[in-house]
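Below is one structure; the comments refer to it alone.
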Amino acid sequence: EYQTARETIDKMFDAAIQTAKLDETNRWMAIRAYRNSLLKECDWTQLPDNSLSEEMLTAWKTYRKLLRDLPQTFIKSNDVVFPVKP
1248 EYQTARETID KMFDAAIQTA KLDETNRWMA IRAYRNSLLK ECDWTQLPDN
1298 SLSEEMLTAW KTYRKLLRDL PQTFIKSNDV VFPVKP
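Using our numbering, read the sequence shown as starting at 1248 and increasing by one per residue.
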């Protein structure tokens, strides 16, 4: 249920960014704001008492690193693809 809602929000965000009359700078600002909200949603995974398995903790760390690296990974804002949550 949560994953379906998140996927719907992601698609809506992508569509809004693609169709909005934003210049490259403003698209990057929107992408960073959205990225920051995704990071905030999963901050709990980095707490010491998260009760995640080692495998899931590694998956969440990888996901968070991919999110943090988005601006350096993509040259054009229209090419940005958000990673999938574990």
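Every residue gets a Cβ at the ideal spot worked out from N, C-alpha and C, and that includes glycine.
Simplified DSSP assignment, three categories, for residue i
i	result
residue 1317	helix
residue 1298	coil
residue 1323	coil
residue 1260	helix
Whole-angstrom C-beta distance between residue j and residue i, which should lie under 8 Å
i	j	result
residue 1282	residue 1324	With a Cβ gap of about 12 Å, residue 1282 and residue 1324 do not count as contacting.
Residues near residue i in its chain [Cβ-Cβ closer than 7 Å; skip 5 each side]
i	result
residue 1291	1297
residue 1327	1278, 1317, 1321
Where residue i falls, given that 16 or more other Cβ within 10 Å makes a residue buried
i	result
residue 1285	buried
residue 1278	buried
residue 1317	buried
Contact set for residue i: own chain, Cβ-Cβ below 8 Å, skip 5 residues either direction
i	result
residue 1269	1277
residue 1289	1307, 1310, 1311, 1332
residue 1302	none
Same chain, Cβ closer than 6 Å to residue i, neighbours up to 5 away in sequence not counted
i	result
residue 1313	1330
residue 1315	none
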